[in-house]
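Protein chains in written order, with this note's numbering: chain C, 1 to 345; chain P, 1001 to 1345.
We treat Cβ as the ideally placed atom computed from N, Cα and C, and that holds for glycine.
In this text, all values refer to a predicted model and were calculated from it rather than measured experimentally.
Single-structure report; data block below.
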DNA sequence: CTGAAAGCGCTTACAG
DNA sequence: CTGAAAGCGCTTACAG
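Put into structure tokens, the structure is as follows:
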């Protein structure tokens, strides 16, 4: 039995494979309800397996980029990278959405992971890129079920083997921040981190912690704060840190936003940066560059991460496999003006 | 002669109208070259007039947002507004692109305004939103020819009657900046503006200028600088301003980026803000909020502008007409910590 | 350069 | 719940 399958799958391809009529397959594709559940399930499975796309064939290839929170300096860098990679020939269109929006799942029905994933597939998206977004296991599974590849940038939870992700060497970044501060002579340092549950935050902290400990200057427990990655956390928790009886001489912030918030907390108290306090940020977004003083940061190559995510997504969409399910790009230390030797006591 | 046109136009509709065969229309649609130029032109015209979309009918409605420069704090706010409005039922997909990319215009051919516009139409975009982007007259014309509505946000050149645009009350914004500084007691003020050719920059400057002049404190010619809207201009030109023998006591910057650059120039020189110099920004992006000290700004409602642009674009795409070809949303003064009374001499 | 005709992929009213 | 058959929108090899 030679199943001829030259080009793209048609209704006839599926009908033959399923042993049903073309009409029945058509009904399943169009979501009519006069098909038995069993037949429907089997046909749907076959449609997926054959990458059935409808007669439109391939429309313009499109990748959907999903952000969780508000767009910010961080997302800009990632998007720039994605956009530039997408502009390279042959070119992909980039769709932007927040959460599960932008996909029509049918008249006002509540959007479930499955309906969203099916909508994404039906809209013809080649792949989905999710950015620092807690994609649930359900979302990922539904997407896989709909045959839409998913690439996660900077996953909050450690990468499962079944999800492809792109991150940065956060642990190494924490180390370089510690080494920089140690080399300047700081020994009483604090960590003002982001969400405790976030994998990237944990890695940054552990790299930082271990290096200081090895150097004989362990970080005191009361100088370790896990808050959120946002500006407000820098202002509030950073301010509280400064109000201590014995404040640190340097702070490693878990993000640029936190660092910038901390710098505002310093200004309000007349604490000078870097004379009275050294601050190291993490990310190297435009915020770091525009900060006054310009921020010393551990740079994570966000644009490059966006570019790699896009190219990986395209490769998966083309049916190729990827060498590794998780890629980590190298961080690097960028020294600007927010760090200096501690004052002589 | 009753031309029956119930639903969507088909090849037959066009063929009948053009007095040619269905086959010929099909060839035009598919860009085959065995059609005479005259026939092709006529058929293309008819395809447009009938809003021919192909059998796919309406795909998921999609709006293409085109940015010129790099994504920045400014674009974030606009995009947030567009995205939120797009997420409201019934929901539109949002495509992001920079310049004329993201559209497949055929094998490696140089992208001309016409081929781009045709590609946009063929890709099924309902409308295009262009952000602070020098859309050329050619682009706009080509888009109009392809029946794709265009809405420009914050047009660089004064809105022509034929282009729909959304802006802010820049002139009034300039006035409110001047009034704020006058009320604090400043009389020796400078304008550190963006691109001289940009309409929004001119309006800001004129509103500012006229108010100070009326108040009897005209801005000295040597304290008026038109640079670019970027950070670097704030650092360099702003720094030069501070190095004058008689520096101003307050500066109205044409954008948040310029203001933030100026604040860095101040830091480098030990000039305190607002004690030694008051700074007013323009935009109210996240940069203003995160600046240290937080920036007093003339706020332009960028998110709202994004939302209005999207809704206008959708209305145009639906064939409705708009009341006004140019809408200006109100600016407002947001007082934060970068302005204060001038020091007593 | 044009179109009649064959044929493809799909949908749907209807018979079973 | 299923499918034979009619028919629609479109494409294309080919004759003129």
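- Residues of the region 231 to 250 of chain C that bring their beta carbon within less than 7 Å of a beta carbon in chain P comprise 231, in sequence order.
- With distances taken between CA atoms, residue 280 (chain C) lies nearest to C:184 out of C:184, C:20, C:128, C:268.
- The three-state secondary structure of residue 1051 (chain P), taken from DSSP, is coil.
- Around the C-beta of residue 1246 (chain P), fewer than 16 other C-beta atoms lie within 10 Å, and the residue is accordingly described as exposed.
- Residue environment for residue 1049 (chain P): exposed (fewer than 16 other C-beta atoms within 10 angstroms of its C-beta).
- Under the Cβ distance rule, residue 1062 (chain P) counts among the residues neighbouring chain C, one pair being separated by less than 9 Å.
- Excluding residues up to 5 positions away in sequence, 113, 114, 117 lie with their Cβ nearer than 6 Å to the Cβ of residue 142 (chain C) in the same chain.
- By a beta-carbon distance limit of 8 Å, residue 291 (chain C) does not contact residue 277 (chain C). Their separation comes to about 14 Å.
- Listed by position along chain P, the residues whose Cβ is nearer than 8 Å to that of residue 94 (chain C) are 1095, 1096, 1097, 1102.
- Cβ contact annotation for residue 175 (chain C) (same chain, cutoff 8 Å, sequence separation greater than five): 207, 208, 210, 211, in chain order.
- When Cβ pairs closer than 8 Å are counted between the two stretches, the region 29 to 43 of chain C is seen not to touch the region 250 to 267 of chain C, the count staying below three.
- Assignment of residue 1217 (chain P) by DSSP, reduced to helix, strand and coil, places it in the coil class.
- Beta-carbon to beta-carbon, residue 1082 (chain P) and residue 1129 (chain P) are separated by about 7 Å, close enough to satisfy the 8 Å threshold.
- Against chain C, the CB of residue 1342 (chain P) has no partner CB under 9 Å away; the residue lies outside that interface.
- Boundaries of the beta strand (DSSP E) harbouring residue 282 (chain C): 278 to 283, taken from the DSSP string.
- Taking residue 74 (chain C) as reference, the option from C:342, C:89, C:304 with the minimal CA-CA separation is C:304.
- Taking a contact as a CB-CB distance under 8 Å, the pair residue 1012 (chain P) and residue 1022 (chain P) counts as one, their CB atoms being some 6 Å apart.
- For the region 266 to 327 of chain C, the continuous alpha helix (DSSP H) assignments of 4+ residues that do not extend past its boundaries occur at 286 to 290, 302 to 317, in sequence order.
- Relative to residue 1314 (chain P), the option among P:1072, P:1017, P:1088, P:1228 whose CA is nearest is P:1088.
- Annotated as distal: residue 333 (chain C) and residue 300 (chain C), with beta-carbon spacing of 9 Å or more.
- Residue range 164 to 168 is occupied by the beta strand (DSSP E) that includes residue 164 (chain C).
- A distance below 9 Å separates the beta carbons of residue 1166 (chain P) and residue 1308 (chain P).
- According to the DSSP assignment, residue 238 (chain C) belongs to the alpha helix (DSSP H) that extends over 231 to 242.
- At a cut-off of 9 Å between C-beta atoms, residue 290 (chain C) counts as an interface residue with respect to chain P.
- The CB of residue 263 (chain C) comes closer than 8 Å to the CB of 1292 in chain P, given here in chain order.
- Contact between residue 1025 (chain P) and residue 1018 (chain P) is confirmed by a C-beta separation of about 7 Å, below the 8 Å threshold.
- When Cβ-Cβ separations below 9 Å define contact, residue 1143 (chain P) makes no contact with chain C.
- Contact between residue 193 (chain C) and residue 204 (chain C) holds, with the beta-carbon distance rounding to 7 Å and staying under 8 Å.
- Fully enclosed alpha helix (DSSP H) runs of no fewer than 4 residues occupy 1073 to 1087 of the region 1071 to 1100 of chain P, in order along the chain.
- When secondary structure is reduced to three states using DSSP, residue 1035 (chain P) falls in the coil class, being assigned neither helix nor strand.
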